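Protein chains in written order, with my numbering: chain A, 1 to 342; chain B, 1001 to 1342. The beta carbon of each residue, even a glycine, is placed where N, CA and C say it ideally should be. Please read all numbers here as calculations on a predicted model, not as lab measurements.
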DNA sequence: CAGCCTATTGGGAGCGCTCCCAGACTGTCT
DNA sequence: AGACAGTCTGGGAGCGCTCCCAATAGGCTG
C-alpha cells in the first residue's frame, strides 16, 4: 500500500526496490554501477528497471550529490558574430561530440549584454552547472575572474593573454599567421599588409605578432604602415583594405586575420581594379566555408575548430572530476590551404 | 546551533529565514514573488537575501515542483549541416534572445546518430527539460511521435508535412519559392530549372511546390525534366547543375532551394562557360552570408531565421505554462533580395 | 465588547535520491 | 566448534525546497 504504483508519475527508486525485492541501497548501487552487489541482486534490479522503465530523477540526485551533470558553453559575443562565424558552430559540434560519450548535458549561454552577464552570474552562482567552457574571451572580460572566484571549473577556448593562468586550448595563431606570411614571402611578395582582428583579443594580437615574426625572421623590419586593425567583420575588412590601399598603394599582398575580413578585402580590391592574385595576393584565416566561395577561392590558414571544442571539453571533464588538477594549456596546430588567391 | 552558517556551502532558505527572523514559508513566498506577504516581512527577507547572497538551489526546487526551468533545442542533423548552415546559428540566437527575458535555460542537443537519439530519449524520459524545440525535422523522424508520447511540450521549427499536428513555425517556403520563380518569369526567362532539397523534408518539398505553382499560375505545365534533387550541400548542388545542364542545355534560369547549393551551381555554370546572369539567371534560398560572397552576388529568398527562433520559443513557453493550449501553426514571410545573378 | 472574517505567518510533510552504518550472512582459520 | 574477516544488504538520515494547513493577529461589524 505504501508505495503503490502512482498513476501518472514516473517510477521511483523505491518502486524498483520493491519490485526487485531488494532495498533502496542495492538499487542505487546497481543504477550507479557501484561495486559490491551480488550477481543475483543485480539481475533482479536490472529486470525491475527494465520492466518499470525506470529513469533516475536527476533533481533528486543532484540535490544530494550537488552535481548537475551538465556544463555550460558560454559565448560572449556581440550580436553579429555567431551568425557569420562557422568557428562557433564547429566548436559546438566538437563539444557535443565529446559529451556524447558521457551523460553530461550541454547548456548554451549567449552573453551579449550587461543583463545577460548578470543572468549568467546568477546562474553559475546557483550551481546549475558543474563547469564552464568559455569561448572567445577578451582581455578585459570579467567572466574568467568571476568563475575563478566561484571556484567553478573553467576551461577557455582561446586565451586572454599569452600568460593565461586558466586552463585553455587555442590554435597556434602565431605560428599559423607566420606560416601564411612566410608563404607570401616565399612567393616573392615584398609589401605584405595585414588586416588584424581586435587587438584586445589574443587571436587578434597573436596573428599580428605572427605577421611580425615572419618579417623579423627574414631580417625585415615589419612596417607598421602595413597594419590595419578591424573587427572580424566583412565591412571592417573592407574598410581596412581601403585604408591600406590609400596608405600603401604599393602593397602586393594581404594577410587577413579572418576569412570574412579577407572576403571584404577582396571586394574592395576588385573595386580598385587590383587583380588577385596577380597584383595582390590574399590569405585569410579560419578556412571556413567563406574561403571556398570567394572568387577566386581564398587561400586560408585553417584552425582545428572542432578539435578545439573536443579538447576543451575533455580538459573540463577532467577538472570537474578532480578540481585539484593543475591547469593545462594546449596549442593545436593550424594548416595552410592554398587556393587561388596566392 | 542547528543551522549555523555552514562554511563552504551556499546559504539555504532556512538560513535566510533565520536571519530575517521569519519562517521558511515567508522567505519562499518572497523569493518566488508570491502574494500575501506584508511589506515589513518582505523587506526583512530581501535584506537577508542580499546580505547572505542567497540563491535558491534549483535542484531542490525542481525536486518538489518537477519543473526544471530549462528547455532543449534539438538539432537532428547529419554531421555536415550545422557547420555550413547559418540558419541554425540564427535560430539559436533567436531562441536565446527570447529566453533571456525569462529565467529559463537552453540545452543544446545535437542528434547525429542512433546512439545520440537513445541518449536524447533517456534524457527527455528523465524529465530533464520542460519542453523541446525541434529544428529541421524529416518526414519520418521518430522524435516528434516520441515526444508526444512522453507528453512533453514540443514545438517544431519547420514541419514534417503540410498537415503537421504539432505546434510549429515555418517560413513561407512555398510562397518564397513561387515568388522567386515569378521574378524569373517576369524577367523573361522561359526554361527555369530548380535544384531541390531532399524531398523527405517539407522544406525541400514546399520549395519545389512553389516552383510548380508559379508555373501553373502562368498556365505553363511545370516540366519535370527541369527538376533535380540534391541534399542542401554545395557538392550536391553542383552535381545537380551538371545533371540539369546535360538534360536541358537550353535552360536559362535556376532556382536553387538553398544558397549553398546555388553556390555549387554557380561554380558548375562557370565551368561550362555559361555567363551569369546573361545566359542563366540564378536564385538561391536563405539569403545567408554565402549569398553575399558568390560572384556575382546571389539573388536569394531570405527567411526570418532569427524570428523563427524567437517565435518557436514563445510558443513553447506558452505551452509549458498551459499544456492544454491548442496547437498553433505559424507561417512567417520570406523576402526576395535581388543581387546580381538575376 | 463579543464575534467573525481576512490577511499573514510558521513549520510539518514530503519530493526521490545518495551516503553511510549497522547487521546478516558467508566462508576460513585456529 | 568458535572466532573472525570479509561480502552484501537494508534502511535511516538528510539534501533544500514548495505546498499546504492550522494558527495567529488584526480589523470590522453589530
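Whole-angstrom distance between residue j and residue i, CA atom to CA atom
i, j, result
"residue 1128 of chain B", "residue 1110 of chain B", "16 Å"
"residue 1067 of chain B", "residue 40 of chain A", "36 Å"
"residue 348 of chain A", "residue 122 of chain A", "The question about residue 348 of chain A has no answer, for chain A in this structure spans 1 to 342."
"residue 1256 of chain B", "residue 1214 of chain B", "15 Å"
"residue 278 of chain A", "residue 252 of chain A", "9 Å"
"residue 1069 of chain B", "residue 1103 of chain B", "7 Å"
"residue 1221 of chain B", "residue 1200 of chain B", "23 Å"
"residue 160 of chain A", "residue 141 of chain A", "8 Å"
"residue 1190 of chain B", "residue 1250 of chain B", "9 Å"
"residue 170 of chain A", "residue 1285 of chain B", "35 Å"
"residue 1079 of chain B", "residue 1237 of chain B", "Note that residue 1079 of chain B scores 49 on pLDDT, short of 50, meaning its location in the model is unreliable; the coordinates nonetheless yield the value given after this. Roughly 18 Å separates the two Cα atoms."
"residue 88 of chain A", "residue 305 of chain A", "8 Å"
"residue 1324 of chain B", "residue 61 of chain A", "30 Å"
"residue 75 of chain A", "residue 1135 of chain B", "21 Å"
"residue 162 of chain A", "residue 198 of chain A", "15 Å"
"residue 17 of chain A", "residue 1139 of chain B", "41 Å"
"residue 317 of chain A", "residue 98 of chain A", "10 Å"
"residue 1083 of chain B", "residue 1261 of chain B", "Caution applies to residue 1083 of chain B, whose pLDDT of 49 falls short of 50 and renders its modelled position unreliable; the model cannot decide the point."
"residue 21 of chain A", "residue 1045 of chain B", "47 Å"
"residue 108 of chain A", "residue 308 of chain A", "17 Å"
"residue 247 of chain A", "residue 117 of chain A", "40 Å"
"residue 1 of chain A", "residue 27 of chain A", "Note that residue 1 of chain A scores 41 on pLDDT, short of 50, meaning its location in the model is unreliable and no value can be drawn from it."
"residue 73 of chain A", "residue 188 of chain A", "44 Å"
"residue 1326 of chain B", "residue 1133 of chain B", "17 Å"
"residue 1338 of chain B", "residue 150 of chain A", "51 Å"
DSSP three-state assignment for residue i, whether helix, strand or coil
i, result
"residue 1303 of chain B", "coil"
"residue 123 of chain A", "helix"
"residue 134 of chain A", "strand"
"residue 1152 of chain B", "coil"
"residue 96 of chain A", "helix"
"residue 106 of chain A", "strand"
"residue 1332 of chain B", "strand"
"residue 1206 of chain B", "helix"
"residue 324 of chain A", "coil"
"residue 1140 of chain B", "coil"
"residue 1191 of chain B", "coil"
"residue 16 of chain A", "helix"
"residue 111 of chain A", "coil"
"residue 1337 of chain B", "strand"
"residue 196 of chain A", "strand"
"residue 8 of chain A", "coil"
"residue 960 of chain B", "Nothing in the structure corresponds to residue 960 of chain B, since chain B is present only between 1001 and 1342."
"residue 101 of chain A", "coil"
"residue 313 of chain A", "helix"
"residue 319 of chain A", "helix"
Residue environment, residue i, which counts as buried when at least 16 other CB atoms sit within 10 Å
i, result
"residue 38 of chain A", "exposed"
"residue 273 of chain A", "exposed"
"residue 1275 of chain B", "exposed"
"residue 1130 of chain B", "buried"
"residue 219 of chain A", "exposed"
"residue 1145 of chain B", "exposed"
"residue 25 of chain A", "exposed"
"residue 57 of chain A", "buried"
"residue 1050 of chain B", "exposed"
"residue 186 of chain A", "exposed"
"residue 225 of chain A", "exposed"
"residue 1259 of chain B", "buried"
"residue 1165 of chain B", "exposed"
"residue 196 of chain A", "buried"
"residue 1023 of chain B", "exposed"
For residue i: DSSP bridge partner residues
i, result
"residue 88 of chain A", "Partner(s): none; residue 88 of chain A has no beta bridge."
"residue 291 of chain A", "BP columns for residue 291 of chain A are empty, so no partner."
"residue 1283 of chain B", "B/1255 and B/1299"
"residue 276 of chain A", "Bridge partners of residue 276 of chain A: none, in fact."
"residue 1129 of chain B", "DSSP lists no partner for residue 1129 of chain B."
"residue 1183 of chain B", "None, per the DSSP bridge assignment."
"residue 157 of chain A", "A/135 and A/169"
Cβ-heavy atom distance, residue i to the ligand PLP, below 7 Å
i, result
"residue 195 of chain A", "As for the ligand PLP, it is missing from this structure, which has no ligand bound."
Curious, which full-length beta strand (DSSP E) runs of at least 3 residues does the region 1211 to 1273 of chain B contain?
1227 to 1229 and 1253 to 1256
Secondary structure, alpha helix (DSSP H): runs of 4+ residues fully inside the region 1018 to 1083 of chain B:
1024 to 1031, 1039 to 1052 and 1058 to 1065
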